[in-house]
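Novice: Quick one: the structure is below, and I'll ask about it shortly.
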Amino acid sequence: MNCENCQALLTDYVHGEVDAASDAAVFQHLHGCATCESAWQAELALTESLRSAFAVERDFPTSILAGVRQAVRAEKAPGAMAALRALLRPAVLAPAAALIIAGAGIVHYNQAHITATSPQLSAEYLVRQHIVQTGGTQASERAWNGYMLTTANANDTNLGSP
Amino acid sequence: MATYGKQTYNYAYRLTGNEADARDLTQEAFIRVFRAWRSFQPGTSFLSWIYRIVTNLHRDELRRRKGVFLQELPEDNQPQDLPADSSAHDPIAAIHDRQLSSTMEGALRQLTADQRAVVLLADLEDHSYQEIAAIMACSIGTVRSRLHRARMQLRKLVPRLREQERRQGSSL
Ligand SMILES: [Zn+2]
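Which chain is which? The protein sequence lines are V and L, in order.
First residue of the first sequence: 13, per this note's numbering; consecutive thereafter.
First residue of the second sequence: 153, per this note's numbering; consecutive thereafter.
And the structure:
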């Protein structure tokens, strides 16, 4: 591998996007060539400065939830409630959830619906049911916001697929 | 949404560079998610899908604004700071926006929207070329060439902007 070939691959190399044979060739070349080694260092430094420039993670603004909710409710979009329910699935269970269950949640849910769709009842499931089924009430607005806020900004967010 | 909301919002923030636009973009993306929920194919990465919607919305919005505002902009202004209602009414957002207008942010802003998205997805979100291609509806080859060009631009722009800031007496 010559310098030209090596440098053409460096961006892909630092992103782990070259095939195994080329990866090995670049790796070997970098160890014997100071010019390409410094070009490689420059690539790494660029990625590093991008990361540090954008290191601050912003909290999710609550106004977005309100806006989405309002729009979904206004549209009565087909499948919207199913979407809300499914979207809540990967969410981390918040301490607020326990409070909601202890409170009004259990009173409101529809027993028939729950037994039909979910053989095993979890606390998280009940919270979701409560939020979905009381979607139009003042109390649920608060419950929803409380639930979302505590989970949305939790640090240990869980990256499962929905 | 709890999990994805924060990630999506942060991606939108880095893409737009300001809070108001990031909020609008994230909100609109989630509204579209709800609308299109039935057509979403299980097994597809959900986050990639949202990023795809955000990236497309951002591109559309830039095109729209370009048509409306570009002629009226003074030379030294940044199109992305429009509309005027963004951070002007929100002092906290304004402070954040100033902090974000670092050298790197300034450099990213000079890339095309597509180059910017590729850089954010590859370097900050750690997506593979294949995932980025799916998000941006283009080939892996296009992802590669956009990333190469974008990074080449950044390597040129960053020292130039640093020098400018130094001459202007900025502490950055
Ligand atoms: Zn070399």
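Here a beta-carbon is modelled for each residue, glycine too, at the ideal position from N, C-alpha and C.
Here the structure is a predicted model, which is why all the values come from computation and not from measurement.
Quick check: does the Cβ of T47/V come within less than 7 angstroms of any heavy atom belonging to ligand 1?
Specialist: Yes; taking the cut-off as 7 angstroms, the Cβ of T47/V has a heavy atom of ligand 1 nearer than that.
Novice: Does M304/L pass the burial test, meaning 16 or more other C-beta atoms within 10 Å, or should it be called exposed?
Specialist: Exposed: under 16 other Cβ atoms inside 10 Å.
Novice: Under 7 angstroms: does the beta carbon of R41/V sit that close to some heavy atom of ligand 1?
Specialist: Reading the sequence as shown, one finds His at residue 41/V and not Arg. Flag set: Cβ of H41/V near ligand 1.
Novice: Quick check on this structure: which residue in R307/L, I183/L, K308/L has the alpha carbon closest to the alpha carbon of A86/V?
Specialist: Comparing Cα-Cα distances from A86/V to each of R307/L, I183/L, K308/L, the minimum goes to I183/L.
Novice: Say the cut is 7 angstroms; is the CB of C290/L nearer than that to a heavy atom of ligand 1?
Specialist: Because no heavy atom of ligand 1 lies under 7 angstroms away, the Cβ of C290/L does not count as near it: no.
Novice: Can you find a CB in chain V that lies within less than 8 angstroms of the CB of A274/L?
Specialist: Chain V contact via Cβ: present.
Novice: Please tell me whether H11/V and C18/V are closer than 8 angstroms, where the distance is taken between their beta carbons.
Specialist: Here chain V covers residues 13 to 174 and nothing more, so residue 11/V does not appear.
Novice: Any heavy atom of ligand 3 closer than 7 angstroms to the CB of Y281/L?
Specialist: Although ligand 3 was asked about, the structure shown includes only ligand 1 as ligands.
Novice: So, helix, strand or coil for N17/V, using DSSP?
Specialist: The answer is helix: DSSP assigns N17/V an H, G or I state.
Novice: Of the residues S297/L, S291/L, R261/L, Y156/L, which one's Cα is nearest the Cα of L62/V?
Specialist: Answer by Cα proximity: R261/L.
Novice: Can you confirm whether A37/V, when its beta carbon is compared against all beta carbons of chain L, has any partner nearer than 8 angstroms?
Specialist: By this cut-off, A37/V is not an interface position.
Novice: Helix, strand or coil: which one does DSSP assign to L177/L?
Specialist: Looking at L177/L - three-state DSSP - the assignment turns out to be helix.
Novice: What's the C-alpha gap between P22/V and E283/L?
Specialist: The question names Pro, but residue 22/V is Leu in the sequence shown. About 20 angstroms.
Novice: Could one say the Cβ of L42/V lies closer than 8 angstroms to chain L's Cβ atoms, at least one of them?
Specialist: Closer than 8 angstroms: no.
Novice: Beta carbon of L214/L, beta carbon of A265/L: below 8 angstroms?
Specialist: Yes; because the gap between Cβ atoms is below 8 angstroms, this pair is in contact.
Novice: Is the CB of Q53/V under 8 angstroms away from at least one CB in chain L?
Specialist: Chain L contact via Cβ: absent.
Novice: Between the C-alpha atoms of W201/L and A46/V, what's the straight-line distance to the nearest angstrom?
Specialist: Spanning the two alpha carbons is a distance of roughly 42 angstroms.
Novice: Once DSSP output is grouped into helix, strand and coil, what is the label at S150/L?
Specialist: Because chain L here runs from 153 to 324, residue 150/L falls outside it and cannot be looked at.
Novice: Can you tell me the Cα-Cα spacing of R81/V and A54/V, whole angstroms?
Specialist: Near 46 angstroms, if we compare the C-alpha coordinates of A54/V and R81/V.
Novice: What separation, rounded to the nearest whole angstrom, lies between the Cα atoms of L395/L and C48/V?
Specialist: Shown here, chain L extends from 153 to 324; a query on residue 395/L therefore has no answer.
Novice: Tell me the rounded alpha-carbon separation between N162/L and G169/L.
Specialist: Cα-Cα distance, rounded: 10 angstroms.
Novice: May I have the straight-line CA-CA distance separating I292/L from S191/L, to the nearest angstrom?
Specialist: Taking the straight line from one Cα to the other gives about 25 angstroms.
Novice: Got a sec: which bits of the segment 275-300 of chain L sit with their beta carbon under 8 angstroms from any beta carbon on chain V, in order along the chain?
Specialist: Under the 8 angstroms Cβ criterion, the segment 275-300 of chain L contributes D275, L276, S280, Y281, R296, L299, H300.
Novice: Using beta-carbon positions only, say whether A172/L and V206/L come within less than 8 angstroms of one another.
Specialist: Not in contact: A172/L and V206/L (Cβ atoms no closer than 8 angstroms).
Novice: With distances taken between CB atoms, is the gap from A65/V to E317/L smaller than 8 angstroms?
Specialist: For A65/V and E317/L, no; Cβs fall outside 8 angstroms.
Novice: Between the alpha carbons of V68/V and A51/V, how many angstroms are there, rounded?
Specialist: One C-alpha to the other measures close to 28 angstroms.
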